[in-house]
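Notes follow the structure.
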Amino acid sequence: MKTLTITKPDDWHLHVRTGAILQTVMPHTARQFARAIIMPNLKPPVTSVAQALSYREEILQAVPGDLDFTPLMTLYLTGSTTVEEIKKAVGSEHIHAFKLYPAGATTNSDSGVADIKAIYPLLAAMERHDIPLLVHGEVTDEACDIFDRERAFVDTYLTDITRDFPGLRVVVEHVTTIEAVQFVQDAGANIAATITPQHLLFNRNAILAGGIRPHHYCLPIIKRESHRLALVKAATSGNPKFFLGTDSAPHLTSLKENACGCAGCYSAHAALELYSEAFERADALDKLEGFASFYGADFYRLPRNTGTVTLEKTTWTVPPVYGENGLSITPLKANEELCWQLK
Ligand code: DOR
Ligand code: ZN
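UniProt numbering numbers the first residue of the sequence shown as 1 and each following residue consecutively.
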């Protein structure tokens with residue numbers, strides 16, 4: 001049987017929530033990854049070091065005892081974040097970045113930043129203390145077409161931020177467009193990007209053609225085929241600026257299959273399988289290890305992992321839902337076949 005063995009990977013962009021959802025999803029990620037950057041968009045958001053440390057404990061409690069998994073915590077930037085909190089975060093071995101959500105851009109972003117220029121003193125402090133800024137790169141202007149919101153953010157904000165804070169390490173999270181890929185490629189070595197499995201595997205027809213598929217709806221929304229091809233090219237290029245970040249974002253099935261469904265694709269159940277499929281289709285399986293296991297760790301200045309994981313080329317069917325006691329999360333590719341399986 002064909003197998004693929006790579007250094008144990010990390011997920012550089014992950015939502016795990018709290019409570020019963022956390023209990024359901026954490027074993028999936030811990031099976032696949034050694035570490036993950038944990039997103040802070042809870043209700044209420046994780047804005048302080050103290051909150052992040054207690055959330056970290058809750059996450060560790062949800063990791064099955066036989067698995068070794070390290071959550072890498074982040075703080076949610078708001079208009080009220082202080083330079084003091086930034087210093088505190090830098091002093092904590094468990095906090096690795098700040099996340100910038102433009103207010104209203106996505107799930108639980110209401111407390112996000114309404115005026116990016118107003119947080120310039122915070123960005124200056126982050127640059128000075130050398131802690132990365134993770135950006136949800138979409139404008140929130142309602143007049144802006146949803147398919148153009150990332151491109152507009154690159155033009156309106158990213159160019160300025162990287163010019164005004166040339167030493168700031170920035171991850172443009174979940175890039176979805178040719179323009180964002182180009183921006184990251186052209187920027188300095190301190191600017192990187194994560195890429196999700198759904199943006200590598202699907203174009204927007206997967207959401208809208210032949211019926212509306214709410215489980216393919218995430219933000220930034222999946223774009224047209226030319227953008228997908230640019231993302232595949234970037235991910236499989238061996239350029240260390242592009243690394244794995246699933247943006248696995250569990251929501252209850254009832255809130256996805258809804259007249260106003262939530263944004264987010266749940267992919268943690270089969271993250272490596274999904275990426276393997278995308279890399280294999282591009283005839284670039286040899287580039288998966290760098291993307292999944294090396295470049296993110298290098299960017300965050302953390303040691304690369306030492307163990308390995310092995311995938312087998314074998315067909316299996318993704319279950320329709322995950323969860324117990326009435327909780328239901330519909331995974332990406334529910335009821336569909338995948339061609340790789342983690343051993
Ligand atoms: O689709 C998304 N879901 N995009 C985000 O930025 C947030 C995420 C979530 O938290 O559900
Ligand atoms: Zn996210």
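Even for Gly, the Cβ is constructed at its ideal location relative to N, Cα and C.
Small disclaimer: the values here were computed from a predicted structure and weren't measured.
Spatial neighbours of leucine 134 in its chain, beta-carbon cut-off 6 Å, leaving aside the 5 residues before and after: By 1-based counting over the sequence shown, the position of residue 134 is 134. These residues qualify, in order along the chain: Ala97, Lys99, Val171, Glu173.
DSSP state of isoleucine 95 mapped onto helix, strand, coil: Translated into the one-based positions of the sequence shown, residue 95 becomes position 95. Three-state DSSP puts isoleucine 95 in a strand.
For methionine 126, three-class secondary structure by DSSP: Here residue 126 refers to the residue found at position 126 when the sequence shown is read from its first residue. Of the three classes helix, strand and coil, the one that applies to methionine 126 here is helix, per DSSP.
contact_flag[the region 246-256, the region 327-335] where n(CB pairs < 8 Å) is 3 or more: yes
Helix, strand or coil at aspartate 160 [DSSP, three-state]: Taking the sequence shown and counting its residues from 1, one reaches residue 160 at position 160. Helix, per DSSP.
Per DSSP, cross-strand counterpart(s) of alanine 193: As a working note, residue 193 is residue 193 in the sequence shown. Partner(s): Val172, Phe242.
Residues near histidine 216 by beta carbon distance below 7 Å, same chain, minus five either side: Within the sequence shown, the letter at position 216 stands for residue 216. Taken in chain order, the residues that qualify are Gln198, Phe202, Ala206, Ile207, Ile222, Cys265.
Contact between the region 102-122 and the region 174-186 (3+ Cβ pairs under 8 Å): no
In DSSP terms, what methionine 73 is bridged to: By 1-based counting over the sequence shown, the position of residue 73 is 73. Methionine 73 is bridged to Ile38, Ile95.
Heavy atom of ligand 2 within 7 Å of methionine 39 beta-carbon: Along the sequence shown, read from residue 1 onward, the residue named residue 39 stands at position 39. Correct: methionine 39 has its Cβ closer than 7 Å to ligand 2.
Aspartate 110 Cβ short of 7 Å to ligand 1 heavy atom set: Here residue 110 refers to the residue found at position 110 of the sequence shown. The answer is no for aspartate 110.
Simplified DSSP assignment, three categories, for leucine 201: Within the sequence shown, numbered from 1, the residue matching residue 201 stands at position 201. The answer is helix: DSSP assigns leucine 201 an H, G or I state.
Whether threonine 162 touches isoleucine 191 by CB criterion (8 Å): Along the sequence shown, read from residue 1 onward, the residue named residue 162 stands at position 162. Along the sequence shown, read from residue 1 onward, the residue named residue 191 stands at position 191. Yes; because the gap between Cβ atoms is below 8 Å, this pair is in contact.
Beta-carbon spacing of alanine 34, lysine 8 below 8 Å: One-based indexing of the sequence shown puts residue 34 at position 34. One-based indexing of the sequence shown puts residue 8 at position 8. Cβ distance < 8 Å, so alanine 34 and lysine 8 count as in contact.
Same chain only: Cβ atoms within 7 Å of glutamate 257, ignoring 5 sequence neighbours per side: Here residue 257 is taken as the residue at index 257 of the sequence shown, counted from 1. Pro214.
Nearest-angstrom Cα separation, counted from threonine 140 out to residue 369: It is not possible to answer for residue 369, since the shown part of the chain is limited to 1 through 343.
The region 53-68 contacting the region 145-153, beta-carbon criterion three pairs below 8 Å: no
Whole-number beta carbon distance between histidine 15 and isoleucine 37, since they are thought to touch under 8 Å: As a position in the sequence shown, residue 37 is number 37, starting the count at 1. As a position in the sequence shown, residue 15 is number 15, starting the count at 1. At roughly 10 Å, the Cβ-Cβ gap does not stay under 8 Å, so isoleucine 37 and histidine 15 are not in contact.
DSSP state of lysine 87 mapped onto helix, strand, coil: Counting from one through the sequence shown, the residue named residue 87 turns up at place 87. Collapsing the DSSP output to three states places lysine 87 in a helix.
Test item: CB-CB of glutamate 336 and valine 321 under 8 Å: Reading the sequence shown from its first residue, position 336 is the one you call residue 336. Reading the sequence shown from its first residue, position 321 is the one you call residue 321. For glutamate 336 and valine 321, no; Cβs fall outside 8 Å.
Near ligand 2: alanine 114 beta-carbon under 7 Å from a heavy atom: Position 114 of the sequence shown holds residue 114. Because no heavy atom of ligand 2 lies under 7 Å away, the Cβ of alanine 114 does not count as near it: no.
Segment contact, 8 Å Cβ cut-off, at least three pairs: the region 227-241 with the region 21-29: no
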